[in-house]
Amino acid sequence: LKRFDLIISNPPFFEEAVPSGDINRDEARQAKFLPLEEFIQISASLLSEDGYFNFVYPTQQTKQILKLAKQVDLHLTHTTVVFPNDNKNSKRTLFSFTKTAQTLLSDELTIKNEEGEFTLIYKELTKDFYIKF
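First residue of the sequence shown: 93, per the working numbering; consecutive thereafter.
Structure below.
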């Protein structure tokens, strides 16, 4: 079995009950096609001893993620809680796990400012992926 030093994923996590009519879209977005438990187990089995497993998932499922990761001996090393703006709760969190315990780092990222414009830090982080900013 090949092992990887870095696994990065934006796995399907929507709990939509109504299909969109496009099976490819549904498979890419809906958790029923790749349940969280299976996603974490498979990723852990593919991760090298010194590797990092990074993914984005709904913030509300953090407790479940930590429980499932513990079951496969993964250790949380970094979280970034993402806020759409200063007036809204976080919907997504970026998680980073390893097979060896490390000091936990935590931070936050706000995507838009009060005027509805992208924040400077968000622009800096994503500048290589956008034509205009």
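Quick reminder that beta carbons are idealized off the backbone N, C-alpha and C, glycines included.
- Which residues mark the beginning and the end of the alpha helix (DSSP H) in which T218 is found? 212-218
- Message: Could you give the first and the last residue of the continuous beta strand (DSSP E) run that contains L98?
- Response: 96-101
- Query: At which residues does the alpha helix (DSSP H) containing N116 begin and terminate?
  - Reply: 115-121
- Query: How about G113 and T190: are their beta carbons less than 8 Å apart?
  - Reply: no
- Residue environment, P104, which counts as buried when at least 16 other CB atoms sit within 10 Å: buried
- Query: What do you reckon, are the CB atoms on F96 and S137 nearer than 8 Å?
  - Reply: no
- Item | F131 versus L158: straight-line alpha-carbon distance, rounded | 13 Å
- Enumerate in chain order the residues of its own chain whose CB-to-CB distance from I100 is below 6 Å, with the five nearest sequence positions on each side excluded. N146
- DSSP three-state assignment for F145, whether helix, strand or coil: strand
- Extent of the continuous alpha helix (DSSP H) run through T195: Run containing T195: none; DSSP gives neither H nor E here.
- Query: Whole-angstrom Cβ separation of F175 and T195, contact assumed at under 8 Å?
  - Reply: So it is not a contact: roughly 24 Å between Cβ atoms.
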